[in-house]
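Asker: Protein sequence lines correspond, in order, to chains D and A. Here the first sequence stands for residues 1 to 157, where the numbers follow the numbering used here. Here the second sequence stands for residues 158 to 574, where the numbers follow the numbering used here.
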Amino acid sequence: MFDDLRDLYQEVILDHGRKPRNFRRLEGANRVARGDNPLCGDRMELFVNVTPEGRIAEAAFQGRGCAISMASASLMTETVQGKTQAEATELAGKFRELAMSGVCPDCGASLADEMERLQPLAGVHEFPSRVKCATLAWHTLNAALADGAEERKATSE
Amino acid sequence: MDGHFAASDAGLDVARIREDFPILAQTVRGKPLVFLDSAASAQKPRQVVSAMVRCMETAYANVHRGPYYLSEQATDAYEAARAAVARFLGAGDAREVVFTRNATESINLVAHSYGRGVLRPGQAVLVSEMEHHANIVPWQMLRDERGVELRVCRVTEAGEIDLEDLSAKLADGKVGLVAVTHMSNVLGTVTPAERIAALAHEAGAKVLFDGSQAAVHRRVDVQAIGADFYVFTGHKLYGPTGIGVLWARAELLDRMPPFLGGGEMISSVTFERSEWAPAPAKFEAGTPPIVEAVGLRAAVDYVSAIGMPAAEAHERRLVDHAMRRLSDVEGLTVLGRAQDRGGVFSFALDNAHPHDLSTLLDRAGIAVRAGRHCAEPLHARFGLEGGTCRASFGLYTTVDEVDTLAEALAKAREFFN
Chain D
1 MFDDLRDLYQ
11 EVILDHGRKP
21 RNFRRLEGAN
31 RVARGDNPLC
41 GDRMELFVNV
51 TPEGRIAEAA
61 FQGRGCAISM
71 ASASLMTETV
81 QGKTQAEATE
91 LAGKFRELAM
101 SGVCPDCGAS
111 LADEMERLQP
121 LAGVHEFPSR
131 VKCATLAWHT
141 LNAALADGAE
151 ERKATSE
Chain A
158 MDGHFAASDA
168 GLDVARIRED
178 FPILAQTVRG
188 KPLVFLDSAA
198 SAQKPRQVVS
208 AMVRCMETAY
218 ANVHRGPYYL
228 SEQATDAYEA
238 ARAAVARFLG
248 AGDAREVVFT
258 RNATESINLV
268 AHSYGRGVLR
278 PGQAVLVSEM
288 EHHANIVPWQ
298 MLRDERGVEL
308 RVCRVTEAGE
318 IDLEDLSAKL
328 ADGKVGLVAV
338 THMSNVLGTV
348 TPAERIAALA
358 HEAGAKVLFD
368 GSQAAVHRRV
378 DVQAIGADFY
388 VFTGHKLYGP
398 TGIGVLWARA
408 ELLDRMPPFL
418 GGGEMISSVT
428 FERSEWAPAP
438 AKFEAGTPPI
448 VEAVGLRAAV
458 DYVSAIGMPA
468 AEAHERRLVD
478 HAMRRLSDVE
488 GLTVLGRAQD
498 RGGVFSFALD
508 NAHPHDLSTL
518 LDRAGIAVRA
528 GRHCAEPLHA
538 RFGLEGGTCR
548 ASFGLYTTVD
558 EVDTLAEALA
568 KAREFFN
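1. How about A:E286 and A:R570: do their beta carbons lie closer than 9 Å?
2. If I'm right that A:A281 touches A:R308 with Cβ under 8 Å, what's the distance once you round it to whole angstroms?
3. Compute the distance between the beta-carbons of A:A267 and A:L394, then report whether it is under 9 Å.
4. Does the beta-carbon of A:E288 have 16 or more other beta-carbons within 10 angstroms, so that it is buried, or is it exposed?
5. My output table needs one value for A:A495: the three-state DSSP class, helix, strand or coil.
6. Mind checking A:F428: buried by the 16 CB within 10 Å criterion, or exposed?
7. Who are the Cβ neighbours of A:C531 in its own chain at under 6 Å, not counting the five residues just before and after it?
8. Taking contact to mean 3 or more Cβ pairs, one atom from each stretch, closer than 8 Å, check whether the region 496-514 of chain A and the region 342-362 of chain A are in contact.
9. For the alpha helix (DSSP H) holding A:G528, just list the boundary residues, first then last.
10. For D:F127, return the contacting residues in chain A, with the cut-off set at a CB-CB distance below 7 Å.
11. Spell out a yes or no on whether the region 169-184 of chain A and the region 198-215 of chain A are touching, meaning 3 or more CB-CB pairs, one atom from each, closer than 8 Å.
12. From which residue to which residue does the alpha helix (DSSP H) around A:A354 run?
13. Please classify D:R25 as buried or exposed, where buried requires at least 16 neighbouring CB atoms within 10 angstroms.
14. At the 9 Å Cβ level, is D:G41 part of the contact set with chain A, yes or no?
15. Does the region 367-378 of chain A come close enough to the region 461-481 of chain A that 3 or more CB-CB pairs lie under 8 Å?
16. Taking buried to mean at least 16 other C-beta atoms within 10 Å of its own C-beta, is A:V332 buried or exposed?
17. Please report the distance separating the alpha-carbon of A:P437 from that of A:Y217.
18. Can you say whether A:K363 is buried or exposed, counting buried as having 16 or more other CB atoms within 10 angstroms of its CB?
19. Could you work out which residue in A:I447, A:P511, A:E421, A:V210 is closest to A:A234 when comparing CA atoms only?
20. Considering only the alpha carbon of each residue, which of D:T51, D:R64, D:Y9 lies closest to D:G35?
21. List in chain order: all unbroken beta strand (DSSP E) runs of 3+ residues lying wholly within the region 403-475 of chain A.
22. Hey, is A:A548 close to the ligand ZN, as in C-beta under 8 Å from one of its heavy atoms?
23. Which residue's Cα is closest to the Cα of A:S503: A:I382, A:Y226, A:H358, A:L483?
24. Kindly indicate which three-state DSSP category D:G35 falls into: helix, strand or coil?
25. State the DSSP-derived secondary structure class of D:T155, mapped to helix, strand or coil.
26. According to a CB-to-CB cut-off of less than 7 Å, which residues of the region 481-515 of chain A neighbour chain D?
27. Name the residue from A:A172, A:I400, A:A462 whose alpha carbon lies nearest to the alpha carbon of A:A238.
28. What is the rounded straight-line gap between the Cα of D:S74 and the Cα of A:V171?
29. On the DSSP letters alone, give me the boundaries of the beta strand (DSSP E) that A:K363 sits inside.
30. For A:Y271, count neighbouring C-beta atoms within 10 Å of its own C-beta (all shown protein chains included) and say buried if the count is 16 or more, exposed if not.
31. Should A:V335 be labelled buried (16 or more other beta-carbon atoms within 10 Å of its own) or exposed?
32. To the nearest angstrom, report how far apart A:N139 and A:L193 are at their CA atoms.
33. Locate the beta strand (DSSP E) running through A:L283, then write down its first and last residues.
34. Give every residue of the same chain whose Cβ lies closer than 6 Å to the Cβ of D:Q85, excluding the five residues on either side of it in the sequence, and list them in chain order.
35. Look at the Cβ atom of A:D250, then the Cβ atom of A:A407, and state whether they are nearer than 9 Å.
36. Closer than 9 Å, CB to CB, is D:D4 near chain A or not?
Right, here's the structure in full:
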């Protein structure tokens, strides 16, 4: 009955959805942000540790949400580890494009391996009401990395 | 209207009813559409659509002002709609019916005019835990602006209003208004309106019922219930969007200041001061939803021709069948178990988030709502902050559709295992 949904719910997504990686409070994190999707109630708290050189040493999250949003956050925390802030921001932009369109035109150029890991989420572009589930984690990352923000909050809206 | 709707022992002639709703005949993603989201907004029968088209093609002009034929025709149709709604609600006087944009606006009208004009700081408004946000937020705004206290009556584990708690919260006599739903949009619970009204009145409070769901699923008699205010919306009652209803006792409408200012709602205007027209005009500033009123009247006629008792019986059969079928689905929880429930219920699967579940159901052609259905506090009450899926029935819902839902839910659980 639901075989054609395997494009959206690939095994890697179901796996990360059920057992999200880096699902914990990161003690000593120097960047923290909260992400909310007020429409569906998805909510996450993202913890990032940025080194003095501006590299993401570690990222972790806690929260609740659907399989797509949990898997996206889980894959994101794995993918951004070791990246510079600039690279993480670039990834967020590319991922947004991937989620909206299903393709990532200039992904071949830089960060190709990273985008390859995020490819399983490309299927959401066929489900307009679910794109926000996939992008919430990345909006939250952008909020966490934003300079000088007093209160770091992102919403899917 | 058409006599063919008369209920037989076998219930409604649903196949015949479905012919009135062309939208239901389509396939979605290759599957026959199973529309189970009528509680959010119901589909429209041809009778409503054609009444609105007829109005625009033959009898449309602005109302209450043109001393010419077409305007008189439109005014008659608009006022006839008011009279039809009054009869539908069992109201004594059509002048007690105010047309608004939707139920939300009706409640805001009461919060603004009655809340700011009649209630005093130190008094309280009492709502319940199972309210739609539309019956929470306007009272919070009133509280923050006017120092009117907002009290919340508990909901029991079964999903019913805790009447002991209601009495306790009325006991000090400070509550000026009880504002509760007549039927929960999440649990389907039909609340004991008569009992609630009696308790409110004993404590010296007025009572407002949010009838957005109840007006669709039960026969409403505002006088028998003892309501002071009753609100509902057109689009959930198979009518158009853009029109809602506030019914209120005439003496209350008379005491209330206007909500919006403008044309239609005045009897005289100078730059120094204006005088208000009597109700209902006082609350209908600007050009009203004329075509929508004609559509609502057609919807009221449509539902009345079928007959609320027949519709209710059909729905009870569907709900009973759904509860039996869904209890066989492993890992599925249905929220609440009220004695009196209409054709609305919410559920959760143990291994699937409501959004993932609704995406799967959509693939099977089934339209359900996912989320918190504008009732965040109620979901918190039941520890389901992540939300639920909600299925809701209409006149056109079939037993087969309930079976399709049950089968899809069982398969969805396998999918996520």
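Here a beta-carbon is modelled for each residue, glycine too, at the ideal position from N, C-alpha and C. All figures in this text were calculated on a predicted structure; none of them were measured in a lab.
Answerer: Inspection of the coordinates gives the following:
1. no
2. 5 Å
3. The sequence as given places Val at residue 267 of chain A; Ala does not occur at that position. No, the Cβ-Cβ distance between A:V267 and A:L394 is not below 9 Å.
4. buried
5. coil
6. exposed
7. H289, H290
8. Yes, since at least three Cβ pairs between the region 496-514 of chain A and the region 342-362 of chain A fall closer than 8 Å, the two stretches touch.
9. Here A:G528 belongs to no alpha helix (DSSP H); instead the beta strand (DSSP E) covers 526-528.
10. T516
11. yes
12. 350-359
13. D:R25 is exposed by the Cβ-count criterion.
14. With 9 Å as the cut-off, D:G41 counts as an interface residue toward chain A.
15. Under the three-pair Cβ rule at 8 Å, the region 461-481 of chain A counts as touching the region 367-378 of chain A.
16. buried
17. 21 Å
18. buried
19. A:I447
20. In terms of CA proximity to D:G35, D:R64 leads the group D:T51, D:R64, D:Y9.
21. 423-426, 431-433
22. As presented, the structure is devoid of all ligands, the ligand ZN included, so that no description of it is given.
23. A:L483
24. strand
25. strand
26. Of all residues in the region 481-515 of chain A, H510, H512, D513 have a Cβ within less than 7 Å of some Cβ in chain D.
27. Nearest in C-alpha terms to A:A238, of all of A:A172, A:I400, A:A462, is A:I400.
28. 48 Å
29. 363-367
30. buried
31. Buried is the label assigned to A:V335, since at least 16 other Cβ atoms lie within 10 Å of its Cβ.
32. A query on residue 139 of chain A cannot be resolved here, the shown segment of chain A reaching from 158 to 574 and no further.
33. Note, A:L283: beta strand (DSSP E), 281-285.
34. G54, L145
35. A:A407 is positioned such that its CB atom lies closer than 9 Å to that of A:D250.
36. yes
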